[in-house]
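2 protein chains.
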Amino acid sequence: MARLIATLGTSPGGIFESYKNLIEGNYQGDNVEKVKIDEVYIIRTSDKAVEFAWKLVKAIFTCCGAKDVRVYDIPLSITDINSRQDFLTFKREVESKINNGDFVDITGGRKSMSVAAAMSARNRNAKIITTVVPQAEYNRVQNLIKQLEPREKEIEMAGEGKCQTIDICQLVSKSALTILLS
Amino acid sequence: MARLIATLGTSPGGIFESYKNLIEGNYQGDNVEKVKIDEVYIIRTSDKAVEFAWKLVKAIFTCCGAKDVRVYDIPLSITDINSRQDFLTFKREVESKINNGDFVDITGGRKSMSVAAAMSARNRNAKIITTVVPQAEYNRVQNLIKQLEPREKEIEMAGEGKCQTIDICQLVSKSALTILLS
């Protein structure tokens with residue numbers, strides 16, 4: 632069993648797609664095989680927009696066909712990376728969550744978060760992945776997210792398993808490509 | 632003498648500020664000191680907007696007070712990172728440019744480029760830096776860049792030393808913070 636550790640920014644973009652592509656063995660890399668993932672850790676700041684993105688991620692994992700996987704929210708006390716101290720705090724937290732053989736998804740969040748996650752993955756002998764989405768598809772999802780903003784309550788309910796009132800799975804991209812970077 | 636190796640995206644953002652902050656010893660890190668930099672390498676794709684950003688960087692270095700430094704443009708044949716092959720091409724190129732003790736600026740370009748540069752820096756025993764700009768300041772610079780788009784000819788001339796016709800140094804941010812990440 633492997634774990635997926637992902638940084639999260641203001642868009643849920645890519646984490647569920649990374650998960651799905653890994654378990655289906657549908658990614659670019661050497662020795663591609665289906666990966667059994669039983670835990671997903673989302674590392675994020677406590678910025679308001681990022682908190683909303685986390686609710687979307689939770690709803691997507693709950694409603695869009697993820698099976699036998701637990702998704703953990705790891706909110707840090709910082710709201711952004713504006714100093715060396717913020718960076719070191721973020722890196723220490725990410726690194727403490729990574730085990731040998733885990734998959735670390737660097738797609739979400741600030742660039743310095745991605746770099747912190749990649750450096751930590753290297754230190755822990757974990758694999759580094761990213762998921763890319765064509766620009767037009769990315770724009771489609773961003774527009775949908777804007778429309779969903781006033782419906783936070785329903786999104787929270789979807790995250791609790793009440794998936795009927797909101798079509799959260801539109802946010803999942805079918806053309807996302809996952810790449811094993813290292 | 633150290634070199635500064637920087638990834639570049641569609642915005643010139645941060646490279647000149649990184650250079651300036653390093654030579655002035657004005658950055659966050661352990662054992663901060665003034666760094667002597669005599670060469671700057673800009674690694675970029677051959678995307679049209681990125682090419683324009685390169686012209687801005689060249690004009691800024693020419694007109695805004697950089698001294699005794701040579702700036703090299705390293706355009707790659709790829710236009711973006713859309714596959715594992717693109718990533719590996721980019722990483723190989725970055726890594727071939729980095730020497731022990733260099734400073735690698737991961738601020739510009741796609742996240743996967745930043746990660747490629749950071750991983751390469753680690754492999755080569757180089758230092759990793761980033762430069763952050765407050766959001767309002769970032770927006771100011773982005774708006775200015777939009778206004779400069781029709782003036783490509785003048786920007787090219789500024790890059791050749793004819794700095795009088797265009798105030799390119801407005802693009803340089805005074806509130807940019809450079810951080811030594813590793």
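Residue numbers (the working numbering), protein chains in the order written: chain W, 632 to 813; chain D, 632 to 813. Glycine is no exception: its CB is placed at the ideal position from the N, C-alpha and C atoms.
CA-to-CA, the gap between residue 645 of chain D and residue 798 of chain W works out to about 40 Å.
In this model, residue 747 of chain D and residue 724 of chain D are separated by some 10 Å (Cα to Cα). In the DSSP assignment, residue 746 of chain D falls outside any beta strand (DSSP E) and lies within the alpha helix (DSSP H) extending over 742 to 754. Any Cβ of chain D closer than 8 Å to the Cβ of residue 742 of chain W would place that residue at the interface, and such an atom is present. For a Cβ distance threshold of 8 Å, nothing in chain W lies close to residue 683 of chain D: the least Cβ distance comes to about 18 Å. Listed in chain order, the non-local C-beta contacts of residue 664 of chain D below 8 Å within the same chain comprise 656, local neighbours out to five positions each way being set aside. Under the rule that a run must span 4 or more residues, the alpha helix (DSSP H) segments found entirely inside the segment 763 to 800 of chain W read 766 to 779, 783 to 790.
Contact of residue 753 of chain D with chain W by beta-carbon distance below 8 Å involves 750, 753.
For residue 650 of chain D, there is no enclosing beta strand (DSSP E); the enclosing alpha helix (DSSP H) has its first and last residue at 646 to 654. Around the beta carbon of residue 730 of chain D, a 10 Å sphere encloses fewer than 16 other beta carbons of the protein chains shown; the residue is thus reported as exposed.
One finds 810, 812 in chain D with Cβ atoms closer than 7 Å to the Cβ of residue 718 of chain W, taken in chain order. If you look at residue 671 of chain W, you'll find it in the beta strand (DSSP E) that goes 668 to 675. Looking at the backbone, the Cα of residue 704 of chain D and that of residue 789 of chain D are separated by about 16 Å. By the rule that beta-carbons nearer than 8 Å mark a contact, residue 715 of chain D touches chain W.
For the pair residue 727 of chain D and residue 707 of chain D, the CB atoms are not nearer than the 8 Å cut-off. Within the DSSP bridge table, the entry for residue 735 of chain D names D:636, D:759 as partners. Flagged as an interface residue toward chain D: residue 738 of chain W, by a C-beta distance shorter than 8 Å. The contact set of residue 660 of chain D on chain W, defined by CB atoms closer than 9 Å, consists of 715 in chain order. Membership of residue 704 of chain W in any alpha helix (DSSP H) is not indicated; the residue belongs instead to the beta strand (DSSP E) covering 701 to 706. Within chain D, 712, 713, 743 have C-beta atoms less than 8 Å from the C-beta of residue 763 of chain W, given in sequence order. Using beta-carbon distances, residue 759 of chain D counts as an interface residue toward chain W, with a partner under 8 Å.
Chain W has a Cβ within less than 8 Å of the Cβ of residue 746 of chain D. Taking residue 701 of chain D as reference, the option from D:717, D:667, D:765, D:711 with the minimal CA-CA separation is D:667.
When the Cα atoms are used, residue 741 of chain W and residue 640 of chain W turn out to be separated by approximately 7 Å. Nearest C-alpha to residue 768 of chain W among W:801, W:759, W:778: W:801. The beta-carbon separation of residue 751 of chain D and residue 810 of chain W, rounded to 17 Å, does not stay under the 8 Å limit for a contact. Scanning D:696, D:785, D:812 for the CA closest to the CA of residue 749 of chain D turns up D:812. Within the same chain, and ignoring the five residues on either side of residue 687 of chain W in sequence, the residues whose Cβ sits closer than 8 Å to its Cβ are 643, 776, 779, 786, 799, 802. The criterion of a C-beta distance shorter than 8 Å is not satisfied by residue 808 of chain W and residue 734 of chain W. The C-beta separation of residue 736 of chain D from residue 761 of chain D comes to about 7 Å, placing the pair in contact by the 8 Å criterion. Take residue 765 of chain D, set aside five residues on each side of it, and the residues of its chain with a beta-carbon closer than 7 Å to its own are 806, in chain order. Around the C-beta of residue 648 of chain D, 16 or more other C-beta atoms lie within 10 Å, and the residue is accordingly described as buried. Counting only residues of its own chain and dropping the five nearest sequence neighbours on each side, residue 695 of chain D has a CB closer than 6 Å to the CB of 800, 803.
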